[in-house]
């Protein structure tokens, strides 16, 4: 009877034990899978951090190299700008500009603007601006006006006005020439420089020179003379521009041979 019951009824105790063992194996496998996934995620995160750190280090290194290259380039430009030959050339042109500026001609002698005197010293300033650059042109202009303080008798006021007018004249053509060489750009920029300088001359006379020289009726005097001032500066800058164009080509070829 007992054998018959064992045959008909399965051994539930053994079956339950086997099911528990199987369930345990499944839990272990699942736990291992989760652990493996977490390890992989941690590895990926670590790799990502390493990659980000490496990219940051690379970016910092590239930025440092760029800054170093810029410093070297800036130092090279300054060294080139103030090389011995260029300084000597600037000194020579400043002296020539000063000497020529002493040869003055009054072009409106019998008018209220009798004080306007024409000189062509700015030819050498504009030439330096084209040959070496606008900064060098302004430096030569400043040196020339410093020399004129000892002979002009204006106490530096006239020289200050001349620096303002000359700078406004040479900046446009010399800067444009740095980027676009050729008469198609140079001539229009010179025309623009003439107009700008003439406008600056009107302002300098009205608000600096007339005030500094103690003119009693500044508005009235300016009303009488502004036309002469405008015509004078248009004539002067036009002559300077024409002479500069005639001299520049030969001079530039000579300086290239001299390696300046």
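Numbering (full-length UniProt numbering), first residue to last: 1 to 260. Beta carbons: idealized from backbone N, C-alpha and C, even for Gly.
Query raised in the report: Can you tell me the Cα-Cα spacing of residue 179 and residue 214, whole angstroms?
Result: 44 Å
Report task. Report the three-state DSSP secondary structure of residue 113 (helix, strand or coil). Result -> coil
Query raised in the report: Which residues bound the alpha helix (DSSP H) around residue 181?
Result: Where residue 181 is concerned, there is no enclosing alpha helix (DSSP H), given that its DSSP letter is neither H nor E.
Query raised in the report: DSSP three-state call for residue 120: helix, strand or coil?
Result: coil
Requested in this report: Determine the DSSP secondary structure at residue 125, reduced to helix, strand or coil.
Outcome: helix
Query raised in the report: Is it buried or exposed for residue 137, if we count other Cβ within 10 angstroms and need 16 for buried?
Result: buried
Requested in this report: Could you tell me the distance, in whole angstroms, from the CA atom of residue 247 to the CA atom of residue 220?
Outcome: 41 Å
Report task. Using the DSSP secondary-structure output, state which residues sit across from residue 142 in a beta bridge. Result -> BP columns for residue 142 are empty, so no partner.
Requested in this report: Return the first residue and the last residue of the alpha helix (DSSP H) that residue 85 is part of.
Outcome: 84 to 101
Query raised in the report: From this set, 204, 116, 142, which residue's C-alpha is nearest residue 125's C-alpha?
Result: 142
Requested in this report: Give the secondary structure of residue 105 by DSSP, where H, G and I count as helix, E and B as strand, and everything else as coil.
Outcome: strand
Query raised in the report: Ends of the alpha helix (DSSP H) at residue 132?
Result: Counting along the chain, residue 132 falls outside any alpha helix (DSSP H), and DSSP gives it neither H nor E.
**Report entry** Proximity to residue 94 [Cα-Cα], best of 120, 72, 196
**Finding:** 120
Query raised in the report: What residue range is occupied by the uninterrupted alpha helix (DSSP H) comprising residue 227?
Result: 218 to 257
Report task. Please state whether DSSP places residue 196 in a helix, a strand or coil. Result -> helix
Requested in this report: Return yes when the Cβ of residue 168 is within less than 7 Å of the Cβ of residue 197, no when it is not.
Outcome: yes
Query raised in the report: Does the distance from the CB of residue 193 to the CB of residue 172 come in under 7 Å?
Result: yes
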